[in-house]
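If you're matching positions, the sequence shown starts at 4 in this note's numbering and goes up one per residue.
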Amino acid sequence: MLIIAIFPIYFWNPKVAILFSFSVIGFLLAIRPIPQGEELLGKVSSFSGKRFVVSDLSVWNGSVWEKLPGKASAREVTVGERVYCKGVKLVKAYPEYLLKECWSFPLDRSVLNELKEYMWTVRERLLKVNSFSVDMAISNPRKIARKAGVSHLFAFSGFHTGLIFYMVTILVSSFAPSLFITYPISLLGTFLLILITGPSPSAVRAFMMLSIWAVSRLVDYPVEKLNILGMSALFALFLDPYVVLSPSFILSYSATLGVLFALEMEGRWWKVPVYAHLFSIPAVLIFFKELNVLSLVVSLILSPIAMLQVFIAEIAVFSAILNLWGVSGLLISSLKPVDLLVGKILSIFAKVPLVKFPTLISFVISLALVWLIGLLLRGSSRKSQESIN
């Protein structure tokens, strides 16, 4: 789980990686400052679900405005605006602060902030459609999916970014054959989809990995998949160290490590969801302390269907961004039979009682699974070295 959050490339010794990862997380928890004051200033940088993420925090300590590291969440504000809040609380979540009464004032209306606000309005309109396919495309989690143990299907992933990237690449390459033109435009198109997701930590991870891969192709310098994953993780932690406390961040990198590990092995397609599920279980147990024992089964059933849903839904979302609501509505309507099928499958598996674990037991099981994953990684590394030799 936590191996890839800090040192995904350098340490294949699971004991070293586990100890280092937990030490870093403990350090971050220890240094989180308790706000010394009730008045706070900040900037609304993005959104997450029905809440907005506030960064560039400053708290009034009675004499001066003091910088407060980290991020906070708030309601009833707008992306791109400055906010003044009365009441801030340190919480055991990410973002780590919760703001209470807030008033916004539009002082920063940059092009990027205007784009973020436009994406928020498009997202809100798409959510009113109440479609499983659209929710998968724009990373809107469903409670029933969590009960069924497949909440990862509703997270913006590498499949989403790769799909949009290649669709735009095919379109642009028809009149601009140079990769130095095609790839930047394709990344820009993918970036629009990232904005409409919040952007969530999993979406940022997928976009950073895609960007690193595209740059390596442009400069003709091949980079290994695990190195790309590690570089994106380190870059994300450099921008915001506290993101390591986000379940979305840990689950995204854990599942992606499982996917990359499965792709390195020769076998059938089902190994990808199996290893993604296995690698994410430690994080699920740590953060939620519960598990649906049939989640792997429903994941195998829904994964092929979800790929079809996301493929069509992403085109519908992109059409909505371009204000082609007629095309978007037609595509979403064509997915209704699939949505009904997925909803029925989720409702059946959501009735399976969740197995809940005490904190200590979930922690011990997580450690055991991390140790097992470390053995798998080390065994794979040895086989790779033997094949090279």
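The C-beta atom is built at its ideal place from N, Cα and C for all residues, glycine as well. This one's a predicted model, so the numbers in the text were calculated from it and none came from an experiment.
Where A279 is concerned, there is no enclosing beta strand (DSSP E), although the alpha helix (DSSP H) around it starts and stops at 274-291. Annotation for V57: no alpha helix (DSSP H) segment contains it, though the beta strand (DSSP E) segment containing it runs 54-63. In this structure, V82 sits away from L43, with a CB-CB distance that is not shorter than 7 Å.
For G192, the enclosing alpha helix (DSSP H) begins and ends at 182-199. Nearest Cα to E41 within the set V67, S189, L349, K89: K89.
Taken in chain order, the complete beta strand (DSSP E) segments of 3 or more residues contained in the segment 63-103 are 68-71, 75-77, 85-93. Put simply, of P361, S58, S203, W374 the residue whose alpha carbon is nearest the alpha carbon of I289 is P361. In this structure, DSSP gives L297 a state outside helix and strand, which the three-state scheme calls coil.
The C-beta distance from S107 to V86 rounds to 5 Å, short enough to fall under 8 Å.
Sixteen is the threshold: since fewer than 16 other Cβ atoms of the shown chains lie within 10 Å of the Cβ of S66, the residue is exposed. DSSP places V367 within a helical segment (H, G or I) once states are collapsed to three.
Here R208 is buried: its Cβ has 16 or more other Cβ atoms, across all protein chains shown, within 10 Å. Rounded to the nearest whole angstrom, the CA to CA distance from F210 to W123 is 19 Å. The alpha-carbon of I315 is positioned some 37 Å away from that of G377.
In the structure shown, L43 adopts extended strand secondary structure according to DSSP, grouped into three states. DSSP links V358 through a beta bridge to L294. T200 and Y224 have their alpha carbons spaced roughly 31 Å apart. Contact annotation, L263 with L299: C-beta distance approximately 19 Å; criterion of less than 8 Å not satisfied.
The residues V82, G83, in chain order, have a CB closer than 7 Å to that of N116 in the same chain once the five nearest residues on each side in sequence are set aside. Contact check for A77 against L102 passes: the beta carbons are separated by less than 7 Å. Contact between the segment 152-162 and the segment 293-313 is present: 3 or more CB-CB pairs across the two stretches fall below 8 Å.
Checking the DSSP bridge columns, you'll see W106 partnered with Y87. The three-state secondary structure of S142, taken from DSSP, is coil.
Distances from the alpha-carbon of P36 to those of L93, S176, R54 put L93 closest. Relative to M170, the option among I188, A158, L156, S160 whose CA is nearest is I188. The three-state reading of DSSP puts S51 in strand, counting E and B together.
Counting the other CB atoms within 10 Å of its CB gives A179 a total below 16, which places it among the exposed residues.
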